[in-house]
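*Asks:* One structure, as structure tokens, below. Some questions next.
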Amino acid sequence: DTGVSQDPRHKITKRGQNVTFRCDPISEHNRLYWYRQTLGQGPEFLTYFQNEAQLEKSRLLSDRFSAERPKGSFSTLEIQRTEQGDSAMYLCASDGGARYEQFFGPGTRLTVL
Amino acid sequence: AQSVSQHNHHVILSEAASLELGCNYSYGGTVNLFWYVQYPGQHLQLLLKYFSGDPLVKGIKGFEAEFIKSKFSFNLRKPSVQWSDTAEYFCAPPDAARGALIFGKGTTLSVSS
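Taken in order, these protein sequences are the chains called A and B.
Per the working numbering: the first sequence ends with 300, consecutive numbering throughout.
Per the working numbering: the second sequence ends with 487, consecutive numbering throughout.
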């Protein structure tokens with residue numbers, strides 16, 4: 188399967204701990220997006236990359252969140268000093284064309300205790 | 375800011391009933407439009423897409439959608455639903471400036487057999 192993959196699929200952590208998630212996009216896709224989805228809501232945009240450049244961050248992304256995409260391949264999303272409000276599904280998507288058709292990974296479900 | 379509105383939050387149907395889910399969006403410079411579906415326990419996947427041309431587009435599993443430019447609408451339809459169509463459905467136009475998809479709250483479809 189050459190779709191978008193994410194790791195881990197589930198993460199349980201205690202408040203105050205740091206967590207890091209990884210996303211591997213479809214290999215030829217140059218754009219990569221991170222979204223967050225909470226129960227009963229649609230995904231909300233967090234940030235996106237064009238190749239290795241992070242082009243925009245949502246105001247939802249506090250200073251505790253940081254994302255990287257070294258060499259324009261996989262991406263990581265780190266949350267420092269987690270809070271209970273960070274509990275959500277974190278989704279990664281990629282697209283390679285001009286029409287914004289995105290392919291989603293399975294997500295990482297974060298639970299902060 | 376661009377927005378999307380899905381008219382129905384939860385729809386309950388019996389098998390073989392017809393389905394129409396409403397979607398209205400604010401125009402953001404592009405008419406690329408998408409419907410995504412999330413089956414229980416699975417990740418978001420593309421149901422159908424509109425880029426240009428015939429405003430009636432067909433997707434997977436017998437779904438279709440009609441783009442009405444004058445109404446900024448992109449309603450999803452299926453003549454006869456099946457139990458396996460039970461899922462959450464999202465209308466998602468892209469933000470023309472960044473390409474990130476704008477999701478509404480989604481519509482939960484429950485089909486009873």
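For glycine and all other residues, C-beta sits at the position ideal for the given N, C-alpha and C.
Tell me which residues of the segment 235-265 of chain A have at least one Cβ-Cβ distance to chain B shorter than 8 Å, keeping chain order.
*Replies:* Tyr235, Leu242, Glu243
*Asks:* Any beta carbon of chain A sitting closer than 8 Å to that of Ala474(B)?
*Replies:* yes
*Asks:* Taking 8 Å as the CB-CB limit, is Asn449(B) close to chain A?
*Replies:* no
*Asks:* Output needed for Gly229(A): all residues of its chain with C-beta closer than 8 Å, excluding positions within five of it in sequence on either side, in chain order.
*Replies:* none
*Asks:* Ordered along the chain, which non-local residues of its own chain (more than five positions away) have a Cβ less than 7 Å from that of Arg251(A)?
*Replies:* Ile266, Gln267, Arg268
*Asks:* At a cut of 8 Å, does the segment 239-259 of chain A reach the segment 208-224 of chain A through at least three beta carbon pairs?
*Replies:* By the C-beta criterion, the segment 239-259 of chain A is judged to be in contact with the segment 208-224 of chain A, since at least 3 inter-stretch pairs fall below 8 Å.
*Asks:* Can you tell me where the beta strand (DSSP E) holding Ile386(B) begins and where it ends?
*Replies:* Membership of Ile386(B) in the beta strand (DSSP E) is indicated by the continuous run 384-388.
*Asks:* Since I believe Pro212(A) is in contact with Thr295(A) (beta carbons under 8 Å), could you give me their beta-carbon distance rounded to a whole number of angstroms?
*Replies:* Rounded, the Cβ-Cβ distance is 14 Å, inconsistent with contact.
*Asks:* Can you list the residues of chain B that Arg223(A) reaches, using a CB-CB cut of under 8 Å?
*Replies:* In chain order: nothing, as chain B lies at least about 11 Å away.
*Asks:* Where Gly227(A) and Ser388(B) are concerned, what is the direct C-alpha to C-alpha distance, given to the nearest angstrom?
*Replies:* Gly227(A) and Ser388(B) have their C-alpha atoms spaced approximately 23 Å apart.
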